[in-house]
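Following: one structure in structure tokens, then a few remarks.
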Ligand SMILES: [Zn+2]
Ligand SMILES: [Zn+2]
């Protein structure tokens with residue numbers, strides 16, 4: 019699949035992009051959980067909370083780096 023930040027191919031489930039080195043993980047919104055989740059994950063695998071801002075976090079990352 020394509021890295022959301024640089025567009026290079028990355029392995030599904032890898033924590034960071036091999037090409038740009040940026041993290042593909044987003045943090046769970048649940049402050050008591052704070053687990054890092056893969057950015058395509060809809061629901062936190064640790065606490066079950068919906069990760070609704072995953073795409074927004076990636077968008078913010080993009081803005082900050084390009
Ligand atoms: Zn990348
Ligand atoms: Zn969580």
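Numbering (this note's numbering), first residue to last: 19 to 84.
Cβ atoms here follow ideal geometry from the backbone N, Cα and C, with glycine treated the same way.
Keep in mind it's a predicted model, so treat the numbers as computed, not measured.
Please tell me whether, using a cut-off of 6 Å, the distance from the CB of residue i to the nearest non-hydrogen atom of ligand 2 is below it.
{"i": "residue 68", "result": "no"}
Go ahead and label residue i buried or exposed: buried means 16 or more other beta carbons lie within 10 angstroms of its beta carbon, across all protein chains shown.
{"i": "residue 63", "result": "exposed"}
{"i": "residue 77", "result": "exposed"}
{"i": "residue 74", "result": "exposed"}
Given 6 Å as the limit, tell me if residue i has its C-beta closer than that to any heavy atom belonging to ligand 1.
{"i": "residue 79", "result": "no"}
{"i": "residue 20", "result": "no"}
{"i": "residue 58", "result": "no"}
Where does residue i fall in DSSP's three states?
{"i": "residue 54", "result": "strand"}
Just grab the DSSP bridge partners of residue i for me.
{"i": "residue 20", "result": "27"}
{"i": "residue 68", "result": "61"}
{"i": "residue 45", "result": "54"}
Thinking residue i and residue j are a contact (beta carbons under 8 Å), I'd like their distance in whole angstroms, please.
{"i": "residue 33", "j": "residue 69", "result": "With 8 Å as the limit, residue 33 and residue 69 do not qualify as a contact, their Cβ atoms being about 15 Å apart."}
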